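Colleague: Pasting a structure below so you can have a look.
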Amino acid sequence: MWRANEHTGSYAVATWLFLRILGAAYLFAFASLIGQVEGLVGARGILPAGDFMREAAAWADATGLGLDRYRLFPTLCWLSTSDGFLVALATTGAFLSVLQIAGIASTVVLPALWLLFLSLNVVGRDFLSFQWDALLLETGVLALAVTPLRWRHRLSDLVEPPVAGRLLLWWLLFRLMFASGVVKLASGDASWRDLTALAVHYETQPLPTPVAWFLAQWPLWFQKASTALVLAIELVVPWCLLAGWRGRRLAAVALLVLQLLIALSGNYAYFNLLSAALCITLLGDDAFGRFASRRPRPASNRQRISPWLALIVAGLTVPPTLVIFLRQMHVTADPPLVRRWVEWIDPLRSTNTYGLFAVMTTTRPEIIIEGSTDGVEWRAYEFKFKPGSLDDSPRWVAPFQPRLDWQMWFAALGRYEEERWFQQFCDRLLTGSPSVRTLLAKDPFDGKPPRYLRSTLYRYRFAPRGQKAWWIREPLRDYSPVLSLDR
Numbered sequence: 003m004w005r006a007n008e009h010t011g012s013y014a015v016a017t018w019l020f021l022r023i024l025g026a027a028y029l030f031a032f033a034s035l036i037g038q039v040e041g042l043v044g045a046r047g048i049l050p051a052g053d054f055m056r057e058a059a060a061w062a063d064a065t066g067l068g069l070d071r072y073r074l075f076p077t078l079c080w081l082s083t084s085d086g087f088l089v090a091l092a093t094t095g096a097f098l099s100v101l102q103i104a105g106i107a108s109t110v111v112l113p114a115l116w117l118l119f120l121s122l123n124v125v126g127r128d129f130l131s132f133q134w135d136a137l138l139l140e141t142g143v144l145a146l147a148v149t150p151l152r153w154r155h156r157l158s159d160l161v162e163p164p165v166a167g168r169l170l171l172w173w174l175l176f177r178l179m180f181a182s183g184v185v186k187l188a189s190g191d192a193s194w195r196d197l198t199a200l201a202v203h204y205e206t207q208p209l210p211t212p213v214a215w216f217l218a219q220w221p222l223w224f225q226k227a228s229t230a231l232v233l234a235i236e237l238v239v240p241w242c243l244l245a246g247w248r249g250r251r252l253a254a255v256a257l258l259v260l261q262l263l264i265a266l267s268g269n270y271a272y273f274n275l276l277s278a279a280l281c282i283t284l285l286g287d288d289a290f291g292r293f294a295s296r297r298p299r300p301a302s303n304r305q306r307i308s309p310w311l312a313l314i315v316a317g318l319t320v321p322p323t324l325v326i327f328l329r330q331m332h333v334t335a336d337p338p339l340v341r342r343w344v345e346w347i348d349p350l351r352s353t354n355t356y357g358l359f360a361v362m363t364t365t366r367p368e369i370i371i372e373g374s375t376d377g378v379e380w381r382a383y384e385f386k387f388k389p390g391s392l393d394d395s396p397r398w399v400a401p402f403q404p405r406l407d408w409q410m411w412f413a414a415l416g417r418y419e420e421e422r423w424f425q426q427f428c429d430r431l432l433t434g435s436p437s438v439r440t441l442l443a444k445d446p447f448d449g450k451p452p453r454y455l456r457s458t459l460y461r462y463r464f465a466p467r468g469q470k471a472w473w474i475r476e477p478l479r480d481y482s483p484v485l486s487l488d489r
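Numbered per the numbering used here, the sequence shown spans residues 3 to 489.
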């Protein structure tokens, strides 16, 4: 039995746990898409995948592209874009995710999961363009560098991951966290510099939780102290990865606490789960006490291939991610060969930049969509998680993601004329698309499309203590003109 204060230099338990949490993240990603993909990108969805792939094929033919079209648009949807095929992609992904959680055939399952999610990501466009989608793809690639070459990966039969594989995951974690802090200060946003960002964040973030309402009630000194703490964790703690095993353990604890607080106050799909998985890889086996009672077995001849696989993954990903990271830091380092490699692999969406909330939104605009059969009486559509009715409390939904609700937050920050997907969404409501209606909590017309549709922009605020409602609002302006298929 290992002593709790003994550092063995082994990371086999953390790797075992990381690979299972990665499988869980894939499961939540695919499972939440099973019920949404038809409404989002199905044949009668908001942004049909079939239209996108036909446009991609026509462009490829017009520009003389041959097989390179499959690199530029890397998706299995070249085979089909039917609703059944899209659902099958998500369902297959969910099934393989369960195998990954069970540790079965990871060397085959992980590449398949990556390809399936990439395929949906390509045709999902606006609806699969979030940072956790990019993080899932990049983490899925790097996970190959620490995956044992065996059919079953059990906690009772551990294998030490290659050093190069661990370093790749730590490099991703460093970029993810440090860049998140840098972009906040580099943006010039005054709310980060005067430490008032969290004074507005809880109210203005896309999908707050009930805890967010509670935190928003705290005084300004608390919000400023919290903002300073977030910046300190993101800008300083990542450097502890270079400070030996004690520094890495400190970093893991601090970053895990940060992810927990973010998850409690906001619905960010599986972002916090993935980030936590990367943090766990910093912990040596001694940190897991009795769960690490067996030393990892020496590598067999077959498993000695793993270090070479890790080095291959590192050779393919480190140069481009280093260049991309330095660009984000406004450092010029662009060797021509690496630049061409960055451009070549960019369509694979697995070498990315990170940094959420660089510019803080200080108010919360919300779009309320209403329909009418006569142009006189108007009835509001209700979303499943987006604020609408003033009496509806913020809800918990993460690690699942209602992707239409999230996009509505972005649409409210823009203009109707610039949001093609929102225009398509309104058209689907007017034509009564059944698959789009399933994305909503309430259809006020019971499946019969309205004759007219209008969208109004409101400013929402958390209701103060003592009121029965969760929200208060005031009208700002029309978001769209009155729409009708008769026009």
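A virtual CB, placed ideally from N, CA and C, is assigned to each residue, including glycine.
In this text the structure is predicted, and so the values were computed from the model without any measurement.
With DSSP collapsed to three states, give me the class of alanine 6.
Modeller: Because the pLDDT at alanine 6 is just 41, under 50, the model does not fix this residue reliably, and the value given afterwards should be weighed accordingly. If DSSP states are grouped into helix, strand and coil, alanine 6 belongs with coil.
Colleague: Taking the beta strand (DSSP E) that arginine 366 belongs to, which residues open and close that run?
Modeller: Residues 366 to 374.
Colleague: Assign arginine 145 to buried or exposed, taking buried as 16 or more other Cβ atoms, counted over all protein chains shown, within 10 Å of its Cβ.
Modeller: Residue 145 is actually alanine in this sequence, not arginine. So alanine 145 ends up on the buried side.
Colleague: Leaving aside the five residues before and after leucine 285 along the sequence, list all residues of the same chain whose C-beta is less than 7 Å from its C-beta, in chain order.
Modeller: Ala16, Arg251 and Ala254.
Colleague: Buried or exposed for methionine 3, going by 16 or more other Cβ atoms inside 10 Å?
Modeller: Only weak support is given to the placement of methionine 3: the predicted model assigns it a pLDDT of 32, under 50, and the question is left unresolved by the model.
Colleague: Going along the chain, which residues of its own chain have a beta-carbon closer than 8 Å to the beta-carbon of alanine 471, five neighbours each way excluded?
Modeller: Within the same chain, alanine 471 has close Cβ partners Leu392, Asp393 and Ala465.
Colleague: Using the rule of at least 16 other Cβ atoms within 10 Å of the residue's Cβ for burial, across every protein chain shown, is threonine 65 buried or exposed?
Modeller: Its Cβ having fewer than 16 others within 10 Å, threonine 65 is exposed.
Colleague: Applying the 10 Å Cβ sphere with the 16-neighbour rule, what's the burial state of methionine 1?
Modeller: Since the first residue shown for the chain is 3 and the last is 489, residue 1 is missing from the structure and cannot be characterised.
Colleague: With distance defined between alpha-carbon atoms, name the residue in Arg342, Tyr270, Ser482 and Asn269 nearest to isoleucine 371.
Modeller: Minimum Cα distance to isoleucine 371 is reached at Ser482.
Colleague: Report buried or exposed for aspartate 128, applying the criterion of at least 16 other Cβ atoms within 10 angstroms of its Cβ.
Modeller: Buried, because 16 or more other Cβ atoms sit within 10 Å of the Cβ of aspartate 128.
Colleague: Look at leucine 174 and threonine 141 and say whether their C-beta atoms are less than 8 Å apart.
Modeller: It is a contact, given that the beta carbons lie within the stated cut-off.
Colleague: Using only the alpha-carbon positions, how far apart do serine 193 and glutamate 236 sit?
Modeller: Rounded to whole angstroms, serine 193 to glutamate 236 spans 16 Å at the Cα level.
Colleague: Distance check for leucine 139 and tryptophan 116, CA to CA, integer angstroms please.
Modeller: Their Cα atoms are separated by approximately 6 Å.
Colleague: Starting from the C-beta of threonine 375, find all residues in its chain whose C-beta is less than 8 Å away, skip the five residues before and the five after it, and write them out in chain order.
Modeller: Here the set comprises Phe447, Pro452, Arg453 and Tyr454.
Colleague: Can you list the alpha helix (DSSP H) stretches of 4 or more residues lying completely in the segment 159 to 228, in chain order?
Modeller: 165 to 188, 192 to 195, 199 to 206 and 212 to 218, all fully within the segment 159 to 228.
Colleague: Following the continuous alpha helix (DSSP H) through serine 437, name the residue where it begins and the one where it ends.
Modeller: Start and end: 436 to 439.
Colleague: Using 8 Å as the cut-off, can you tell me whether the segment 84 to 93 makes contact with the segment 43 to 53, which would need three or more C-beta pairs spanning the two stretches below that distance?
Modeller: Yes, since at least three Cβ pairs between the segment 84 to 93 and the segment 43 to 53 fall closer than 8 Å, the two stretches touch.
Colleague: Would proline 76 and valine 124 be called neighbours here (beta carbons separated by less than 8 Å)?
Modeller: Cβ atoms of proline 76 and valine 124: closer than 8 Å.
Colleague: Does the contact criterion of 3 or more C-beta pairs under 8 Å hold for the segment 346 to 361 versus the segment 418 to 432?
Modeller: Contact between the segment 346 to 361 and the segment 418 to 432 is absent, because fewer than three Cβ pairs lie under 8 Å.
Colleague: Do you know offhand how far arginine 329's Cα is from threonine 433's?
Modeller: Using only the alpha carbons, I get a separation of about 46 Å.
Colleague: Could you tell me which whole alpha helix (DSSP H) segments of length 4 or greater appear in the segment 300 to 362?
Modeller: DSSP runs (the alpha helix (DSSP H)) wholly in the segment 300 to 362: 307 to 330 and 338 to 347.
Colleague: From which residue to which residue does the alpha helix (DSSP H) around proline 113 run?
Modeller: Residues 108 to 126.
Colleague: Unbroken alpha helix (DSSP H) runs of length 4 or more, entirely within the segment 40 to 87: which are they?
Modeller: List check, alpha helix (DSSP H) in window: 51 to 64 and 71 to 74.
Colleague: Determine the direct distance from the alpha carbon of aspartate 288 to that of arginine 5, and round the result to whole angstroms.
Modeller: Reliability fails at arginine 5, whose pLDDT of 43 lies under 50, so the model's placement of it is uncertain and the value that follows must be treated cautiously. Roughly 7 Å separates the two Cα atoms.
Colleague: Less than 8 Å between the beta carbons of alanine 312 and glycine 167, yes or no?
Modeller: Cβ atoms of alanine 312 and glycine 167: closer than 8 Å.
Colleague: Using beta-carbon positions only, say whether leucine 42 and arginine 405 come within less than 8 Å of one another.
Modeller: In contact: leucine 42 and arginine 405 (Cβ atoms closer than 8 Å).
Colleague: Which residues in the same chain as serine 189 place their Cβ atom closer than 8 Å to its Cβ, once the five residues preceding and following it in sequence are excluded?
Modeller: Here the set comprises Ala360 and Val361.
Colleague: Since isoleucine 369 and leucine 459 should fall inside the 8 Å C-beta cutoff, what is the C-beta to C-beta distance between them, to a whole number of angstroms?
Modeller: Right, their Cβ atoms sit about 6 Å apart.
Colleague: Is alanine 92 near leucine 276, with beta carbons less than 8 Å apart?
Modeller: Not in contact: alanine 92 and leucine 276 (Cβ atoms no closer than 8 Å).
Colleague: Spatial neighbours of threonine 353 within its chain, please: C-beta separation below 8 Å, excluding the five flanking residues on both sides.
Modeller: Excluding positions up to five away in sequence, the list reads Glu140, Thr319, Pro322, Thr323, Ile326, Val344 and Ile347.
Colleague: Which class does proline 240 belong to by DSSP, given the choice of helix, strand or coil?
Modeller: Note: proline 240 maps to helix in three-state DSSP.
Colleague: Are leucine 339 and glycine 268 closer than 8 Å when you measure CB to CB?
Modeller: No.
Colleague: According to DSSP, is threonine 458 part of a helix, a strand, or is it coil?
Modeller: Here threonine 458 sits in strand by DSSP.
Colleague: Taking the straight line between their C-alpha atoms, what separation do you get for tryptophan 473 and proline 221?
Modeller: Their Cα atoms are separated by approximately 19 Å.
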